[in-house]
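Novice: Below are the structure tokens for one structure; questions will follow.
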Amino acid sequence: MRALDGNTLIDVPDIKDLGIRWPIADPPAPLGSLERPGITQLFATSNSGFRHRGLDIGMATGTSILAVEDGVVETAWLASWGSDYGRHIVLSHGTYTDAVGRSYVIRTLCGHLDTVGVAVGQRVHRGQLIAHSNNTGL
Numbered sequence: 005m006r007a008l009d010g011n012t013l014i015d016v017p018d019i020k021d022l023g024i025r026w027p028i029a030d031p032p033a034p035l036g037s038l039e040r041p042g043i044t045q046l047f048a049t050s051n052s053g054f055r056h057r058g059l060d061i062g063m064a065t066g067t068s069i070l071a072v073e074d075g076v077v078e079t080a081w082l083a084s085w086g087s088d089y090g091r092h093i094v095l096s097h098g099t100y101t102d103a104v105g106r107s108y109v110i111r112t113l114c115g116h117l118d119t120v121g122v123a124v125g126q127r128v129h130r131g132q133l134i135a136h137s138n139n140t141g142l
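Numbers in this note's numbering are just positions in the sequence shown, counted from 1, shifted up by 4.
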């Protein structure tokens, strides 16, 4: 997958290459589509240096959020305030090494949640229900 880093396109691991699932039951609609849920922002770095290191997926409040892969809960923020992400979860899925030997630590951050159904240190499994969406945070 290609991502914008300033004015340069760079290669980053694609979700398909990592073998992980989407965090919702069905794959999201492509960026710019009017369908929901849909991708609302891609990996990118702006000319000002802001790095957006993930994919944002817009969805209806109450959508079930599923673990994309087996992992461990690093963060389970339960307050709806105090974070740009509102209630959120960070899962660690280990390290991925690509064909040329570059290593990436794979984490999932699920933000703006209504309910959080996991706790720090808990092991989760691919496809496990971990939360429900909302619009908490900024």
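C-beta atoms are modelled at their ideal positions from N, C-alpha and C, and glycine is treated no differently.
None of the values given here were measured: they were computed from a predicted structure.
With respect to the beta strand (DSSP E) encompassing glycine 86, which residues constitute its N-terminal and C-terminal limits?
Specialist: No beta strand (DSSP E) contains glycine 86, which DSSP labels as neither H nor E.
Novice: List the endpoints of the continuous beta strand (DSSP E) containing isoleucine 28.
Specialist: Here isoleucine 28 belongs to no beta strand (DSSP E), and DSSP marks it neither H nor E.
Novice: Tell me the rounded alpha-carbon separation between alanine 83 and histidine 116.
Specialist: Each residue's alpha carbon lies about 10 Å from the other.
Novice: Using the Cα positions of valine 120 and serine 96, report the straight-line distance between them to the nearest angstrom.
Specialist: C-alpha separation (whole angstroms): 16 Å.
Novice: Whole angstroms is fine: what's the gap from glycine 75's alpha carbon to cysteine 114's?
Specialist: For glycine 75 and cysteine 114, the distance between alpha carbons rounds to 14 Å.
Novice: Answer yes if the segment 59-79 comes into contact with the segment 88-102, meaning at least three C-beta pairs across the two stretches below 8 Å, and no otherwise.
Specialist: In short, these stretches touch, since the Cβ pair count reaches three.
Novice: Quick one: what does DSSP say alanine 135 is sitting in, helix, strand or coil?
Specialist: Strand at alanine 135.
Novice: What are the partner residues of alanine 71, as DSSP defines its beta bridges?
Specialist: Answer is none; alanine 71 lacks a bridge partner.
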